[in-house]
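Quick mapping for you: the protein sequence lines, in order, are chains A, B and C. The number in this note's numbering is simply the position in the first sequence, starting from 1, with 188 added. The number in this note's numbering is simply the position in the second sequence, starting from 1, with 5 added. The number in this note's numbering is simply the position in the third sequence, starting from 1, with 4 added. Notes for the one structure printed next.
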Amino acid sequence: MKLTIDQRWDLIDKIAKQTVTFGEYRHTLKDAIGELTIKPFTGIPIAIAVMYAFWSIFGSFAGFFTDGFFVRLFDAYWLPWLQEVFPGQGGWLYAIMVDAGGIEGGEFVLSDNCLESFGVLTSGLFVAIGVVLPAIVIFYLMLALLEDIGYMPRLAVLIDTMLHKIGLHGYAIVPTILSLGCNVPGVTATRILETKKQRFIMMTLLAIFIPCGAQIGIMQDVIPGLMGWILLYLIIGYFIFGYILNKIVPGKAPEFLIDVPPYRRPMLSNIGKKVWGRIAGFFKVAIPFVLLGAAIVGVLYQLGVIRFLGDALAPVFVGWFGVPKETAGPLIAAFLRKDLAVAQLSVIEMTEYQMITAVVLVSIYFPCVATFAMMLKEGWKELLGAMAVLTVVVFAYGGLIHLIGILLGVA
Amino acid sequence: MEKKLSEMEYEEEGTITDIEGTLRKMVAGMGIRVGKRLKMITKQPVKGPVVVVVDEANTSLGLDVAEKIIVEMKS
Amino acid sequence: MKVLLIGHPNVGKSVFFNRLTGANVTESNYPGTTVDFTKGYMNIGGEDAELIDVPGTFSLDPKDKAEEVAVAMLHENKDVRVICVIDASKIERGVYLALEILEEGYPMVIALNMWDAAVDKNIRIDINNLQRILGVPVVPTVAISGEGIKELISRLKEAKPVEIDDIIKNAGGLT
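Below, the structure is given as structure tokens:
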């Protein structure tokens, strides 16, 4: 037999009266903190402080391991050793696997660091392990901590107003932040949004505007000074195009209704399990694609395809986006791995503003292939829709950034 | 005096007297129902969501949801 | 035997799951969705049982995709026992979910989890009386420390479907 909602509650009231007594409730410190972090007057400054702390810890931890350890390991030992023992220096296999080198004064010279060498076993491994691994570990560790103490729902409540303007609601902060680690689980997490419209807007915005932890990690390493501007352009784009999408995508944005659980002490074993699971999942995807990406770009360079594409697309690159035509290579690599693409961009000679534009382009241009596959799983119609939006965004926003540069007199 | 939940001020308390049809089912599982005491803890600025306490559990509701819940104010 | 672990989000369901199951845990997608659920095995009195951690839900009227999956998983597994995990200090809305599941005829045991927090808040629950009214085993637990888990497992075999009419009668009738 099934009860109606009112009958069910009536029955529960009867049961509770006979079995539960509520004693005097004392407000605890935990409750007080709970309220402080959700009331806007105190909660918003605290949220900003939490995000800032997150960011600084991320930067210093990742920097400490990458610069303090991996850069030396890879540049001082791994690269020279491979350059020495790998047979066929100057040949195409050597160029793809170890070091494409460069021509200086008509002579072939070897690279002296793992970013410029462009080899599968050098740049590829260095980016995956030396740069991305520390960034991802600290990112997921801190995220798991915030999740397990129960901070995320409060953040969702605080940011709900802003996200409402782009057709989403507060809980959209979860896929957004998760995507800052890797877009793949971010796409998965869009399931917590209720309507098709919301999931579409969220997925599209994620794929276009949210740089993943791997990309942030490499930016932190190779172009730390420009990262602020790049992120600013991405955040502004997220809101501008979110606002537009909300106006044109049919469907409704549902009501915001969430449970705000009390804070609790996180369990170490639970955090460990979660972090390990996410890192393992990430590396199953990342390592093969970084290596494959490095190999494909290497082959395309050797075959002269990249130069051809660069020349063919030069009017678009130089004229519309205002970046050097050499960025064609990294943009192809970006489809496989954005971190690799940024690493490759960082060694191309260009002005600072061109670098900002190029990295923003790498971010908003095609999602990496793993994200692409994940979106396809969600539905091919949504994927096609997202790709249409993406094409418009790349040209509109890329051109706009160039225009802003011209107006500011820096491009 | 009756008010919409969305019109309640911070720290005000009352008893729910009515919840609009379809919403009833949505909030039932979260313990929000007619006859229940509730207290408003926060109201986010610029038409943001409200946070209420029902049976020691905090629930956040968007303003458009809160409009569909009527509360008899504690005097 | 197949056992489903059902409860609200944030009631410590996954901690339960980790305590109950061994190493052989798989995480998979619910077919046709991207909602994940975990499955593992536990031992009940020498018998192997499959334990499934269902995504957290507040009721059987789903609000989002994850809740939809929770409901679908319950409905496609007719021959299961349910462990309904309830936050002891929010017992009323917990019993709401438990009643919904009992109404559909599933055999159930109830874990009143975070029992320690309820005690701290001066909430007293008459377990025996609650068991008598609902007609299913009710066990106070603290999943984080492991308290009550053994009893919960040992009483899983007492789980049986109950008639809602009996619960209403035991509670003294509806208004």
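Just so you know, even glycine gets a beta-carbon here, dropped at the ideal spot from N, CA and C. Bear in mind that the values here come from a model prediction, so they are computed numbers and not experimental data.
Quickly, what does DSSP pair residue i with across the bridge? List them, please.
i, result
"N47(C)", "D52(C)"
"S534(A)", "None; S534(A) has no bridge partner."
"I127(C)", "F210(A)"
"D180(A)", "Summary: the structure shown does not reach residue 180(A), with chain A confined to residues 189 through 599, and so no result is reported for it."
"I24(B)", "I74(B)"
"L9(C)", "D57(C) and I87(C)"
"G19(B)", "L43(B) and M78(B)"
"M575(A)", "Its beta-bridge partners do not exist; DSSP assigns none."
"L116(C)", "I90(C) and P144(C)"
"K9(B)", "I75(B)"
"V57(B)", "M45(B) and T64(B)"
At the level of alpha carbons, what is the spacing between residue i and residue j?
i, j, result
"V557(A)", "I475(A)", "13 Å"
"V550(A)", "L578(A)", "12 Å"
"Y553(A)", "L524(A)", "12 Å"
"A377(A)", "P412(A)", "29 Å"
"A360(A)", "V448(A)", "15 Å"
"F397(A)", "I404(A)", "12 Å"
"L191(A)", "F246(A)", "52 Å"
"I418(A)", "V548(A)", "6 Å"
"V410(A)", "I544(A)", "12 Å"
"Q135(C)", "I347(A)", "43 Å"
"K75(B)", "E7(B)", "The amino acid at residue 75(B) is misidentified as Lys; the sequence shows Ile. Those two C-alpha atoms are separated by around 7 Å."
"I317(A)", "I467(A)", "12 Å"
"V286(A)", "L331(A)", "36 Å"
"E304(A)", "V463(A)", "32 Å"
"Q532(A)", "S311(A)", "9 Å"
"L68(B)", "V59(B)", "17 Å"
"G256(A)", "V535(A)", "21 Å"
"H590(A)", "L456(A)", "48 Å"
"G152(C)", "M189(A)", "31 Å"
"G338(A)", "N22(C)", "19 Å"
"I24(B)", "E212(A)", "29 Å"
"M575(A)", "A522(A)", "15 Å"
"I200(A)", "Y100(C)", "7 Å"
What in chain B is Cβ-close to residue i, meaning under 8 Å?
i, result
"R97(C)", "G34, M35, G36, D60 and A62"
"E223(A)", "I46 and T47"
"D65(C)", "K30, M31, A33 and G34"
"K94(C)", "G36, D60, E61 and A62"
Just to confirm my understanding: we take residue i, look at its own chain, exclude 5 residues before and 5 after, and list those with CB closer than 6 Å. What are they?
i, result
"A402(A)", "V320 and D527"
"A71(B)", "L10, S11 and V55"
What residues of chain A sit near residue i, judged by a beta carbon separation below 9 Å?
i, result
"I127(C)", "V208, T209, F210, G211 and Y213"
"V76(B)", "Neighbours of V76(B) on chain A: none; closest Cβ ~17 Å, over 9 Å."
"G67(B)", "D348, H352, H357, G358, P442, E443, F444 and L445"
Please go through the same chain and pick out, in chain order, the residues whose beta-carbon is closer than 8 Å to the beta-carbon of residue i, but skip the five residues on each side of it.
i, result
"E16(B)", "K44, M45 and I46"
"D83(C)", "K6"
"F477(A)", "L524, R525, C556, V557 and A558"
"A621(A)", "Lying before the first or after the last residue shown, residue 621(A) is absent from chain A, which here runs from 189 to 599."
"Q542(A)", "G510, V511, P512 and A599"
"K440(A)", "T383 and K385"
"V582(A)", "L549, I552 and Y553"
"T230(A)", "L224"
"I326(A)", "I245, F246, F249 and A250"
"D170(C)", "G139"
So with CB distances below 7 Å, who are the chain A contacts of residue i?
i, result
"M31(B)", "L445"
"G53(B)", "D348 and T349"
"S11(B)", "None at all; the shortest Cβ gap to chain A is about 12 Å."
"E107(C)", "M189, K190 and L191"
Who are the near neighbours of residue i in its chain, counting only those whose CB is closer than 7 Å to its CB and skipping five residues on each side?
i, result
"M415(A)", "M407 and Q408"
"Y282(A)", "F274 and G276"
"E167(C)", "none"
"A426(A)", "In the sequence on display, residue 426(A) carries Tyr and not Ala. Hits under 7 Å: L393 and F397."
"G251(A)", "Q408"
"D91(C)", "H12, V15, G98, N117 and M118"
"V375(A)", "M391, L394, T559, M562, M563 and E566"
"S93(C)", "M118, A121, A122, K125 and I127"
If the cut is a Cβ gap below 8 Å, which residues of chain A does residue i touch?
i, result
"S158(C)", "Chain A residues near S158(C): none, gap ~23 Å exceeds 8 Å."
"L103(C)", "L191, R196, L199 and I200"
"G176(C)", "K202 and Q206"
Note down, in chain order, every chain C residue with its Cβ under 7 Å from the Cβ of residue i.
i, result
"E382(A)", "K67 and D68"
Please list the partners that residue i has in chain B, where partner means a Cβ-to-Cβ separation under 7 Å.
i, result
"K227(A)", "T47"
List, from N- to C-terminal side, the alpha helix (DSSP H) runs of 4 residues or more that fit wholly inside the region 255-331 of chain A. DSSP runs (the alpha helix (DSSP H)) wholly in the region 255-331 of chain A: 267-273 and 280-285.
Suppose only complete runs of 3+ residues qualify. What are the beta strand (DSSP E) ranges in the region 490-528 of chain A, listed by chain order? none
Fully enclosed by the region 391-469 of chain A, which alpha helix (DSSP H) runs are 4 residues long or longer? 401-410 and 415-436
Please go through the region 325-388 of chain A and give each complete alpha helix (DSSP H) segment of 4 or more residues, from N-terminal end onward. 340-352, 361-369 and 371-377
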